[in-house]
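Participant: Throughout, the working numbering is defined as the position within the sequence shown, counted from one, plus 103.
Think of the CB as a built atom: it goes at the ideal place given N, C-alpha and C, for glycine as much as any other residue.
Please see the structure below; I have some questions.
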Amino acid sequence: MADVPAAIAEMARVVAPGGRVTTLELTPMPPGLRATLGRVYFHHVVPLLGQVVAGDRSAYTYLPNSVDYFLTADGLAEVYRAVGLANVGYCRLGMGGVALHYGVKP
104 MADVPAAIAE MARVVAPGGR VTTLELTPMP PGLRATLGRV YFHHVVPLLG
154 QVVAGDRSAY TYLPNSVDYF LTADGLAEVY RAVGLANVGY CRLGMGGVAL
204 HYGVKP
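The structure is reproduced here in structure tokens:
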């Protein structure tokens, strides 16, 4: 999404009152050992595997580099609140590198 707040606002606009908006998004991991190991894996091992398996390292380098600029899980939850969604929350998955966000349209 080029404009995350606009995209979430549009989802909130079109969902019926009482309906739920959800996204499953890669997200920077909370600081710590797991994040450090995950970053090494995502930025170095995944592109190498992409080169070996698919013959295309660049396709597997783009995503790790772009995740560095993604909103944090807390930041995306704030976007949900800012567009008027209620009962906003998220659940981290994938060792913390993925977040399932949800909010309800009042």
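What are the boundary residues of the alpha helix (DSSP H) that includes residue 163?
Facilitator: Counting from 1 along the sequence shown, the entry for residue 163 is found at position 60. Element bounds for residue 163: 162-170.
Participant: Residue 124 by DSSP, collapsed to three states: which one?
Facilitator: Numbered from 1 along the sequence shown, position 21 holds the residue referred to as residue 124. Residue 124 falls in the strand class under three-state DSSP.
Participant: Looking at residue 174: is its Cβ nearer than 8 Å to the Cβ of residue 124?
Facilitator: Position 71 of the sequence shown, counting from 1, holds the residue named residue 174. Position 21 of the sequence shown, counting from 1, holds the residue named residue 124. No; because the gap between Cβ atoms is not below 8 Å, this pair is not in contact.
Participant: When the Cα atoms are used, what is the spatial distance from residue 147 to residue 121?
Facilitator: Mapped onto the sequence shown, residue 147 falls at position 44. Mapped onto the sequence shown, residue 121 falls at position 18. If you take the alpha carbons of residue 147 and residue 121, they lie about 43 Å apart.
Participant: When you compare each of 155, 196 and 143 to residue 168 by their alpha carbons, which one comes out closest?
Facilitator: Locating residue 168 in the sequence shown gives position 65, counting from the first residue. Checked all of 155, 196 and 143; the closest Cα to residue 168 is 143.
Participant: What do you get for residue 104, buried or exposed, if any count of 16 or more other CB atoms within 10 angstroms of its CB means buried?
Facilitator: Here the question's residue 104 lines up with position 1 in the sequence shown. Under this definition residue 104 is an exposed residue.
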